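Working notes for the structure below.
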Amino acid sequence: MNTNTMKTWKMAKTWMMAGGLAISLFAGNASAQIIGGEVDVDGSRHDVVFLGGEMDVRGQVEGDIKGIAGSIRVDADVTGSVQLVGGEVSVSGTIGNDLDLAGGEIDSDANVGGDANFAGGESRISGTIAGFLNAASGHVEIGSQVGSDAKLAGGYISTTSSSRINGEAEIVGGEVHLRGQIDGRADVEGGEIHLSGVFLDDVEIMAEEVYILEGTRVTGTLTIRSPQAPVVADGATFGAYDYEYSEFNFGAEDWEDVDFDFDFFPSMAVFGLFIPGAAFLLAALSLLIAPGGTRAITRKFREQPVVSGFLGFIGFALSPVILVILTVLLAITVIGVLLIPIMWVIFWPFMLLCMGFGAIAIGDMIFNRRPDEKSLGLGMRLVSSFVVIAVFAALGSVTVLGFFAGFTLLFIGFGAWMLSLGKRRDRGAIPAPGQAV
13 MNTNTMKTWK MAKTWMMAGG LAISLFAGNA SAQIIGGEVD VDGSRHDVVF LGGEMDVRGQ
73 VEGDIKGIAG SIRVDADVTG SVQLVGGEVS VSGTIGNDLD LAGGEIDSDA NVGGDANFAG
133 GESRISGTIA GFLNAASGHV EIGSQVGSDA KLAGGYISTT SSSRINGEAE IVGGEVHLRG
193 QIDGRADVEG GEIHLSGVFL DDVEIMAEEV YILEGTRVTG TLTIRSPQAP VVADGATFGA
253 YDYEYSEFNF GAEDWEDVDF DFDFFPSMAV FGLFIPGAAF LLAALSLLIA PGGTRAITRK
313 FREQPVVSGF LGFIGFALSP VILVILTVLL AITVIGVLLI PIMWVIFWPF MLLCMGFGAI
373 AIGDMIFNRR PDEKSLGLGM RLVSSFVVIA VFAALGSVTV LGFFAGFTLL FIGFGAWMLS
433 LGKRRDRGAI PAPGQAV
């Protein structure tokens, strides 16, 4: 096991999973899209996609569940997959396919028919998982029956005596307690490792401190690399045992051995990825929850591309004056005073959203060559918007080009949005079977 690779995997896993989950929420067409402060769903014959403050799903769901909310509770029998991002996420019941959760606090007691992925501050996982298990959290507790391999990373990791991993296990943690049973090979790296379970294959450990407790049984070879001799209790049994002294400093606890170098400053190119990334996420969100509004924006841009850009430029130039005037008017009333800071805070994310609108409009014009015959589906709209933003982000590596590219998207999106205001879409048209909506 490569130490640097495992450490890199540990640090990157949470960000990759959380980011990937958030983006994947918008990856397919949904039949039921719900937005609200408190949303309660009691069964559904279609996919459930939601954005809310508090979400409660129960009953039978014949499809997938995808959502973002502050608090999410799911106790349902789901035929498809479940992908959720939230502050507090609790899932139970049965999941037909994969389960993907990211949040501050995660509780899962679901029986999962596919793979399960978790990323959060604290994850407590039980139930059965037919496929792979991947979990990266500050605090990880596993009590599951896992049908395949498992990868775990966290500050504190614990597997209960009732847990079982039928495949191999890769584990990286500051403090690791392994009970239960692991059928395949186990690679463990950490600061402090405690073994007290049953291991039916080889076990390799690299740690600062290792404790082999009474009742531990390793059928294969137990290999330990540590700067301290492991503490082995009476009653522990191994097929073979190999200990080798090795310098190891997990988490840089021994500071005198670390040479700090602060001659680093993030490049503007790295910082510049934030704006395109935020614009794309906002564009994806708008495509998901307001498909009609985004179609109106793309239509107005096709009809008046030059006017859209010019109007967006004028609107942006006048926006500081408009904000000041609105601030003065709102300050007259008590309620208005409370709205002033909200207005100023929302203004900047709205500008990023307008950049997303610009990417959607340009992408539709490039990729949809027959707008009168059909409209692009959600997946193609996401792809086209991503391509446009990626191209403009690449131009951002050149300071002057990046400046003009970003403002071009902003002006186009802002202007097309203003032109689309008040324009109601044709509600009488009925899409043909199979046509993207």
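Just so we're aligned, residue 13 is where the sequence shown starts under our numbering, counting upward by one.
All residues carry an ideal CB built from backbone N, CA and C; glycine is no exception.
In this text, all values refer to a predicted model and were calculated from it rather than measured experimentally.
Shortest Cα-Cα distance from glutamate 221 to any of Gly209, Glu187, Ala248, Arg191 involves Glu187. Beta bridge pairing from DSSP links leucine 164 with Ala147, Ile183. Taking C-alpha positions only, aspartate 112 is separated from isoleucine 77 by approximately 10 Å. Relative to the Cα of glutamate 50, the nearest Cα in the group Ser56, Met67, Val61, Phe292 belongs to Met67.
When Ile118, Leu390, Gly391, Ala417 are compared, the shortest CA-CA separation from valine 403 is found for Ala417.
For arginine 197, no beta strand (DSSP E) segment is defined, and its DSSP state is neither H nor E. For glycine 99, the enclosing beta strand (DSSP E) begins and ends at 94-107. Boundaries of the alpha helix (DSSP H) harbouring leucine 394: 390-407, taken from the DSSP string. In chain order, Leu234 place their CB closer than 6 Å to the CB of tyrosine 253, counting only its own chain and leaving out the 5 sequence neighbours on each side. With at least 16 other beta carbons inside 10 angstroms of its own, serine 156 counts as buried. Under the three-state reduction of DSSP, alanine 252 is assigned to strand.
Taken through DSSP and simplified to helix, strand or coil, glycine 132 comes out as strand.
Taking 7 Å as the cut-off, the Cβ atoms of methionine 367 and alanine 308 do not count as close. In summary, glycine 139 is buried, with 16 or more beta-carbon neighbours lying within 10 Å of its beta-carbon over all protein chains present. Assigned with DSSP and collapsed to three states, aspartate 214 falls in coil, not helix or strand. Per the C-alpha coordinates, the member of Glu204, Leu422, Ser135 positioned closest to isoleucine 326 is Leu422. The beta carbon of leucine 96 sits closer than 6 Å to the beta carbons of Gly79, Ile84, Leu113 from its chain, once the five residues preceding and following it are set aside; these are given in chain order.
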